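Enquirer: Protein chains in written order, with the working numbering: chain A, 1 to 337; chain F, 338 to 674; chain D, 675 to 1011; chain Y, 1012 to 1348.
Every residue, glycine too, gets a C-beta built ideally from N, C-alpha and C.
Computed from a predicted structure; not experimentally measured.
Sharing a structure below in structure tokens format, with a few things to ask.
4 protein chains.
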Amino acid sequence: MIIVMDPGAQKKQVDEVMSRLKQFGFGIHLSEGESRTVIGAIGDRTKALSLGLEALEGVEKVVPISKPYKLVCREFKQENNIIDLNGAKIGGEKIMVMAGPCAVESEEQMMETAEMVKAAGADVLRGGAFKPRTSPYAFQGMEEEGLKILAKAREKTGLSIVTEVVNPQSVPLVEQYADVLQVGARNMQNFHLLLELSKAKKPVLLKRGLSATIEEWLMAAEYIMSGGNYQVILCERGIRTFETQTRNTLDLSSIPIVKQLSHLPVIVDPSHGTGVRHLVPSMCKAAIAAGADGLMVEVHPNPEKAFCDGPQSLTLLQFKEIMEDLRRVAASVDRTL
Amino acid sequence: MIIVMDPGAQKKQVDEVMSRLKQFGFGIHLSEGESRTVIGAIGDRTKALSLGLEALEGVEKVVPISKPYKLVCREFKQENNIIDLNGAKIGGEKIMVMAGPCAVESEEQMMETAEMVKAAGADVLRGGAFKPRTSPYAFQGMEEEGLKILAKAREKTGLSIVTEVVNPQSVPLVEQYADVLQVGARNMQNFHLLLELSKAKKPVLLKRGLSATIEEWLMAAEYIMSGGNYQVILCERGIRTFETQTRNTLDLSSIPIVKQLSHLPVIVDPSHGTGVRHLVPSMCKAAIAAGADGLMVEVHPNPEKAFCDGPQSLTLLQFKEIMEDLRRVAASVDRTL
Amino acid sequence: MIIVMDPGAQKKQVDEVMSRLKQFGFGIHLSEGESRTVIGAIGDRTKALSLGLEALEGVEKVVPISKPYKLVCREFKQENNIIDLNGAKIGGEKIMVMAGPCAVESEEQMMETAEMVKAAGADVLRGGAFKPRTSPYAFQGMEEEGLKILAKAREKTGLSIVTEVVNPQSVPLVEQYADVLQVGARNMQNFHLLLELSKAKKPVLLKRGLSATIEEWLMAAEYIMSGGNYQVILCERGIRTFETQTRNTLDLSSIPIVKQLSHLPVIVDPSHGTGVRHLVPSMCKAAIAAGADGLMVEVHPNPEKAFCDGPQSLTLLQFKEIMEDLRRVAASVDRTL
Amino acid sequence: MIIVMDPGAQKKQVDEVMSRLKQFGFGIHLSEGESRTVIGAIGDRTKALSLGLEALEGVEKVVPISKPYKLVCREFKQENNIIDLNGAKIGGEKIMVMAGPCAVESEEQMMETAEMVKAAGADVLRGGAFKPRTSPYAFQGMEEEGLKILAKAREKTGLSIVTEVVNPQSVPLVEQYADVLQVGARNMQNFHLLLELSKAKKPVLLKRGLSATIEEWLMAAEYIMSGGNYQVILCERGIRTFETQTRNTLDLSSIPIVKQLSHLPVIVDPSHGTGVRHLVPSMCKAAIAAGADGLMVEVHPNPEKAFCDGPQSLTLLQFKEIMEDLRRVAASVDRTL
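As structure tokens, then:
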């Protein structure tokens, strides 16, 4: 941590900063430049941030040097954190494909979808039973009935199930049915939900928040790991920008960044990431080429009758076709699909 | 609602859109231009959005015309929604000032703060007992013990109490102690929390999300009102942009916009809105001049020892001084403080 | 400047950084922490940035400490830089009001506008003779003929004239007619234009770019000052964000920030800053309360017939009315108008 | 174009809108809903926007339906606009690779780079002779001397040359030496420069502005085409967002969007798009997989000694290595490199 003093800071103010640092056990390096004084503090960042140094008189800014997360760090675990999902591995050579509708709407819809995405090569079935919606008047999901339909689809096809949990209280219920517990973008910093998931026994798929920096995203993963659940899968799903042609701007550079900073696997959701069906195939290819460990794609037997997100859902036929293309791209970067 | 067809859309595709609209009871106006067909649909927007028209073949885009919120609308209630707080009125002529530390840290800290902000003219005491923190290793609040300290401070000073609730389950507990229940920016779209608050008997202070549009913010208010709690106070606290000199960019234009679209009172939090202490006084003045119904200001007896947000907190002396200045600005726009 | 090394940086890499720093005359402070090495370099930032340290092996990041601008700095000139405009002072007690249409359209339009804004108390007449337009098919301005009309209006009313210059080549022409040379937001980093203006004898009004940080804005001012023209007036006009209710998000916190970092006067353009007429009055008040040294407001005798920006222009009557309100707000912060 | 009236708009106001539309030759469709009136206007968007309808009383908003650009449109030219560059084709099956340093620094540097990037398979040599720099104190380029060095490198290697032009006046000079004239991100809306380039005989490489929407980017291309120069190559180079791990956020979804809306070729610059060397290889792969027609990559023999942008430049060895990888990805999407 570097403490930069104001150009006009007085000796008394510099001393106050240093005495506080010493009091909390920090090592100190003082550097008195011509125009200003800079203090280097050696010690734990977490503790450092709680010292309130920025609020002291004469301090211009405090620049953190070390990272605020620990367990999530590549330094904490050099090799990739590979997550086992009923025998399949997320974070290994194979790119995991999660496909299915935005929301569970009926048993027929889910069975048809499950069988066809399975046949096309998907590994995991997605479908929301609890739906966080911008409007209180919109369809909010089939809740437990939806979870039961998902479980039936798993039984029939062998696909694993990923579904969203939106409330700390529902974690035990969803954990009973799902193989992967999804945290939606709007809940990325719902810290009570993260703490509850930190005690869960199932892997957590953590979507990046709409306006979350990569550091905040990794801090949210740290919440889950800090409680003992080390099975965290990150999911890039676009960030909010000024561009209006797409629902969000898919930030594919986050993939190599996350892989450098952290040992966690990262997948990409180009359906939410763009919000536009015709962009999904090229963004799937780009995600694989960029190094993603998996994809999450919205697929619906009748997108025009979907209860939500129809405009960004592929038809079953479209999904089958792009899977062929994706296999070739995966091979070109030494991955399988 | 306007449905814009692709330039090359076929008659069959246009018919499919119209038949679906008629099926759901919409009135239709067809407009066949030289280069493309546009369909106007007259009816309820909420229902319209669930028709999945954007996912139909040949549809380029769907442009909503009417607003997605109802109860929140200025059309629903022409006069301002004035909220009573132990006899004080939020949304009337008087500008309500809420002041206090980021977090409740001890009884001494709160009592000292409460008495001095009361003396300076504040109406409401703020202080967090449950703290949503980016890092799992940071101070998370004194919880119920903190609520008890707040209640004591109210007893002694007569100030009303506003404090954050971060979890649907804690709503009954917080409601027992607080006069106003605060929803933090990171929870603005925590829909389960909003639904729980829609059943509460106390006013809700709803902070704007970091990357929430004004429409999404009003939709979150609609959640609370749709369950029967009409006492919603909006709070602008800055949005996330590319600028790094401030923690957020305070969007003061949201004040007149909200006042035009809605009947709800709106206050401003320049402490979080800027994250920098020396910017707070001028942003308080600007907020009042722009028409805000209140202010929420972080004040701490020793900002440099604050458990959180010290750099943006005013000292008690600074707070006292700016209150004098604010009274003059308020008078210049025919308000009191 | 602080050079933060990678956690695994080798001694050889640290030595390479230090030897390069020494070679260019920098003082060095070495700080070897448990997990990483940090090097403090004392010397000129401008030179430091050209050393290419970030590209050296083992360097994680380079954190600048001192500011990249010099002449613009508050440290360079402690007192406010007050600019004289035909006897009026920008940056002093009086708030300067610049008003007029987006574009010069005809002599009648400008004369009518000039006389009425003068009567209402404006100090400067604005009007574009060269218009930078997003579309090549839109009205591009009356060019020199427009400048002549502006000069006539000055002659008749005594108002000073501010008008935009969009091209390095036109600087001498515009300087012949105008009292203040305006740089539009899209040209804030048109460095050849800035260099040409650095040799001009007239004050320059420098609008903040749509996505310019405050630091980049001040660097653009530094360009003008570095060539010898010290008469720079900054103009906040909103930045691009995700919000769609307004054309831009007016960043009023930039006013106190600029005033702390720099000695330059800063004015606000709420017409472009919001793009919506009914938001202009409250944003004018807020700008004054926040400490702005002036306002630039679009006013048109018939906004619905304006060649550009009609929706954000006030009528002459509306302008007259708000001037009364603004005088009261100005007085409440010890300014005149 | 759709004109949405206020809920409370009066008949007189609706009539005023319609009479103005009729006066300018527009076809009209009137739709009177329960809560508001909507008017559809059929005719030319360019003309429509200059009617000032948004400024009329009673008008809530004007929604454009048709696109504001014409020549750039896919509808204007169904097949891809393939640009010939000394016999090579941009926009065809082959992905064009442009490589070289940020700035021309010396003859030795350029010759070494040119020969090695040629050997690795690059088609075009990049290098700036005129450098737009944020700071007036930074290296501004070798100007004409730099252009001469570029021409020598072309002579020796047969590589085509792309270099930036920053000023309308310098277009003839740069055109004399370069094969492709580059417009930098900061100049994307320097309309005088665009108009000058619209008369040039050489292809123009148009970088997307830092905060430009895709529509604005295409409008800038329309400027160049409207003057008669149809040889425009678009270049995505990242947009400004809140994320700080990268210099910009590379928006790869712009590739399939541009290819749908327009017939112009589009290439990607991942060096500026990320600003971080270790992200360049994965973003090159992703760009190709997403459908880009080319890449522009910064390569420098000694990045740590580069006059600018060293941290994002690849070494010659790194460039050679990634070219091998890129060939495989290109083949997987049926392209060559």
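Could you confirm whether any beta carbon from chain D is found closer than 8 Å to the beta carbon of A/Glu155?
Expert: Output row for A/Glu155: interface = no.
Enquirer: At which residues does the beta strand (DSSP E) containing D/Glu889 begin and terminate?
Expert: Unbroken run through D/Glu889 is the alpha helix (DSSP H), Ile888 to Ser900; no beta strand (DSSP E).
Enquirer: With three or more beta-carbon pairs closer than 8 Å as the criterion, would you say the region 1015 to 1030 of chain Y touches the region 375 to 382 of chain F?
Expert: The region 1015 to 1030 of chain Y vs the region 375 to 382 of chain F: no contact.
Enquirer: Measure the alpha-carbon distance for D/Met785 versus D/Asp797 and round it to whole angstroms.
Expert: C-alpha separation (whole angstroms): 15 Å.
Enquirer: My understanding is that F/Val503 touches F/Leu542, with C-beta atoms under 8 Å, so please give their C-beta distance in whole angstroms.
Expert: Incorrect: roughly 13 Å between the Cβ atoms, too far for contact.
Enquirer: Sort out for me which residues DSSP pairs F/His366 with in a bridge.
Expert: In the DSSP output, where bridge partners are listed per residue, F/His366 has F/Gly377.
Enquirer: Taking Cβ positions, are D/Leu624 and D/Gly947 nearer each other than 8 Å?
Expert: With chain D covering only 675 through 1011, there is no way to say anything about residue 624 of chain D.
Enquirer: Compile a chain-ordered list of the residues in the region 1230 to 1263 of chain Y whose CB is closer than 7 Å to at least one CB of chain D.
Expert: Taking 7 Å as the Cβ-Cβ cut-off against chain D, the residues of the region 1230 to 1263 of chain Y that qualify are Met1230, Glu1233, Tyr1234, Ser1237 and Arg1251.
Enquirer: Got a sec, what are the start and stop residues for the alpha helix (DSSP H) D/Gly820 sits in?
Expert: D/Gly820 -> alpha helix (DSSP H) spans Glu818 to Thr831.
Enquirer: Whole beta strand (DSSP E) runs in the region 385 to 425 of chain F with 3 or more residues, listed along the chain?
Expert: Entirely contained in the region 385 to 425 of chain F, the beta strand (DSSP E) runs reaching 3 residues are, in chain order, 396 to 400 and 420 to 422.
Enquirer: Return the CA-CA distance between D/Pro877 and D/Ile835, expressed in angstroms with no decimal places.
Expert: Taking the straight line joining both Cα atoms gives about 11 Å.
Enquirer: So for Y/Ser1343, helix, strand or coil by DSSP?
Expert: Reduced to three states, the DSSP call for Y/Ser1343 is helix.
Enquirer: Nearest-angstrom Cα distance between D/Tyr743 and Y/Gln1151?
Expert: Each residue's Cα considered, the two are about 17 Å apart.
Enquirer: Could you name the residues of chain F that Y/Gly1044 contacts, counting a contact when the two beta carbons are closer than 7 Å?
Expert: The contacting residues are Ile379.
Enquirer: Give the secondary structure of A/Leu252 by DSSP, where H, G and I count as helix, E and B as strand, and everything else as coil.
Expert: DSSP places A/Leu252 in coil when its eight states are reduced to three.
Enquirer: Who pairs with Y/Gly1305 in a beta bridge, going by DSSP?
Expert: DSSP lists Y/Met1107 and Y/Ile1278 as partners of Y/Gly1305.
Enquirer: Taking C-alpha atoms, which residue in Y/Gly1111, Y/Gln1180, Y/Arg1144 and Y/Thr1168 lies nearest to Y/Thr1174?
Expert: Nearest option by C-alpha distance: Y/Gly1111.
Enquirer: Nearest by alpha-carbon distance to A/Ser313: which of A/Glu215, A/Leu261, A/Lys118 and A/Arg126 is it?
Expert: Taking only the C-alpha atoms, the option nearest A/Ser313 is A/Arg126.
Enquirer: In this structure, does DSSP put F/Val316 in helix, strand or coil?
Expert: Nothing in the structure corresponds to residue 316 of chain F, since chain F is present only between 338 and 674.
Enquirer: Taking just the CA atoms, how far does F/Arg614 sit from D/Ile931?
Expert: So the alpha carbons of these two residues sit roughly 11 Å apart.
Enquirer: I need the DSSP call for Y/Gln1193, collapsed to helix, strand or coil.
Expert: Strand, per DSSP.
Enquirer: Are F/Glu552 and F/Thr494 touching if we call contact CB-CB under 8 Å?
Expert: Contact: no.
Enquirer: For a test of the three-state rule: what should DSSP assign to F/Glu444, helix, strand or coil?
Expert: Note: F/Glu444 maps to helix in three-state DSSP.
Enquirer: Hey, A/Val35 and A/Pro7: beta-carbon distance below 8 Å or not?
Expert: In the sequence as displayed, the identity of residue 35 of chain A is Ser instead of Val. A contact, by the Cβ cut-off of 8 Å.
Enquirer: Look at D/Ser945 and D/Glu972 and say whether their C-beta atoms are less than 8 Å apart.
Expert: Contact flag set, yes.
Enquirer: Which same chain residues end up closer than 8 Å to F/Met342 when comparing Cβ atoms and leaving out the 5 residues on each side of it in sequence?
Expert: Contacts found: Gln350, Val351, Val354, Arg373, Thr374, Val375, Ile376, Gly395, Val396 and Glu397.
Enquirer: Report yes if the CB atom of Y/Ala1211 is closer than 8 Å to the CB atom of Y/Asn1240, and no otherwise.
Expert: Contact: yes.
Enquirer: So, for F/Leu674: in the same chain, excluding its five sequence neighbours on each side, which residues have a beta-carbon less than 6 Å away from its beta-carbon?
Expert: So the qualifying residues of the chain are Ile432, Leu663, Arg664 and Ala667.
Enquirer: Quick one: does Y/Glu1086 have its CB under 8 Å from some CB of chain F?
Expert: So yes, Y/Glu1086 belongs to the interface.
Enquirer: Along chain A, which residues have their Cβ under 8 Å away from the Cβ of Y/Leu1290?
Expert: Simply Ser253, Pro256 and Ile257.
Enquirer: Taking the alpha-carbon of F/Gly681 as reference, which of F/Phe413, F/Leu496 and F/Val454 has the nearest alpha-carbon?
Expert: This structure leaves residue 681 of chain F out entirely; chain F is present only between 338 and 674.
Enquirer: Please classify D/Thr918 as buried or exposed, where buried requires at least 16 other C-beta atoms within 10 Å of its C-beta.
Expert: When all chains shown are included, D/Thr918 counts as exposed.
Enquirer: Whole angstroms are fine: how far does the CA of A/Gly25 sit from the CA of A/Ser19?
Expert: Looking at the two C-alpha atoms, the distance is approximately 10 Å.
Enquirer: Between F/Gly546 and F/Arg584, is the Cβ-Cβ spacing less than 8 Å?
Expert: No. Outside cutoff.
Enquirer: By the DSSP assignment, the alpha helix (DSSP H) with D/Val845 in it spans what residues?
Expert: Per DSSP, D/Val845 belongs to the alpha helix (DSSP H) from Val845 to Tyr851.
Enquirer: Quick one, are the C-beta atoms of Y/Gln1271 and D/Gln843 less than 8 Å apart?
Expert: It is not a contact, given that the beta carbons lie outside the stated cut-off.
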